[in-house]
Amino acid sequence: MNATNIPASGPKIELPNTAYILPDNIAMWPPVWWTWLVVGALVILLISLMTIKFISYKRNLYRRDAIKLIDTLEELDDVAFLTQCHQIIRRCLLTLGRNDLASLPSQDLFDQLDLGLSPKYQFKQLGSVFVTGAYQPNLLLKEEQKEEILRLTKHWCRRHRKYA
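Here the numbering used here = 1-based position in the sequence shown + 343.
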């Protein structure tokens with residue numbers, strides 16, 4: 344048997360006209376090398392931003408703890424209230440590593456802290472009751488004074504700078 348005598352095993356397939364054949368599909372990603380560099384740079388940027396935010400979150404944990412503690416001070420008596428406000432400020436300074444400021448007497452400490460604050464938020468506007476009130480056994484604070492002390496202490500805990 345010759346190759347010409349072999350019967351076809353099936354019907355003959357008609358091929359389409361080559362003029363109607365479509366080209367290959369275009370790839371989803373551009374085939375250029377710098378696209379991957381841009382994608383990689385965006386991923387690195389995203390990871391860097393997340394790391395910076397996490398470090399900032401951990402670094403400011405003591406501030407959030409101090410503000411939570413300040414929010415619980417309202418039920419204390421007046422002497423304990425002032426003592427706790429002073430202790431919170433000193434603890435924040437110790438956390439910052441400013442032992443030199445934290446160890447100052449109260450008057451010198453608050454005079455030093457007032458140097459970095461705007462006049463609206465300075466502790467000297469509270470008068471001597473804020474500085475020496477914790478040492479007076481029969482201290483009676485008005486409700487407005489307590490609110491102002493809380494407001495200024497909370498503001499300082501939120502906004503103080505590293506150099507205090």
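For glycine and all other residues, C-beta sits at the position ideal for the given N, C-alpha and C.
Note that this is a predicted model, so its numbers are computed, not measured.
Could you spell out where the alpha helix (DSSP H) holding residue i opens and where it closes?
i: arginine 434; result: 421-439
i: alanine 409; result: 404-414
i: serine 449; result: 449-457
i: alanine 445; result: 442-445
Select from the options the residue whose C-alpha is nearest the C-alpha of residue i.
i: valine 474; options: Glu487, Ile492, Lys485 and Ser461; result: Ile492
i: leucine 469; options: Leu458, Gln455 and Glu490; result: Glu490
i: proline 462; options: Leu495, Cys428, Ser399 and Leu392; result: Leu495
i: lysine 485; options: Val422, Trp379 and Trp377; result: Val422
i: serine 446; options: Gly459, Leu458, Ile432 and Asp457; result: Ile432
i: arginine 504; options: Asp420, Asn403, Leu365 and Cys428; result: Asn403
Kindly indicate which three-state DSSP category residue i falls into: helix, strand or coil?
i: aspartate 367; result: coil
i: isoleucine 356; result: coil
i: proline 462; result: helix
i: serine 471; result: helix
i: histidine 503; result: coil
i: serine 483; result: Reading off the sequence shown, one finds leucine at residue 483, where the question assumed serine. Here leucine 483 sits in coil by DSSP.
i: valine 381; result: helix
i: valine 375; result: coil
Our contact map puts residue i next to residue j with C-beta atoms below 8 Å; I'd like the distance itself, whole angstroms only.
i: arginine 509; j: arginine 501; result: With the chain covering 344 to 507 only, the question about residue 509 has no answer from this structure.
i: lysine 522; j: isoleucine 410; result: Any property of residue 522 remains undetermined from this structure, which presents the chain solely from 344 to 507.
i: phenylalanine 424; j: leucine 416; result: 6 Å
Below 8 Å between beta carbons: does that hold for residue i and residue j?
i: glutamine 430; j: leucine 444; result: no
i: threonine 438; j: alanine 477; result: no
i: glutamine 465; j: aspartate 457; result: yes
Using beta carbons (cut-off 8 Å, strictly below), is residue i in contact with chain B?
i: arginine 402; result: In the structure shown, chain B does not exist; there is a single protein chain.
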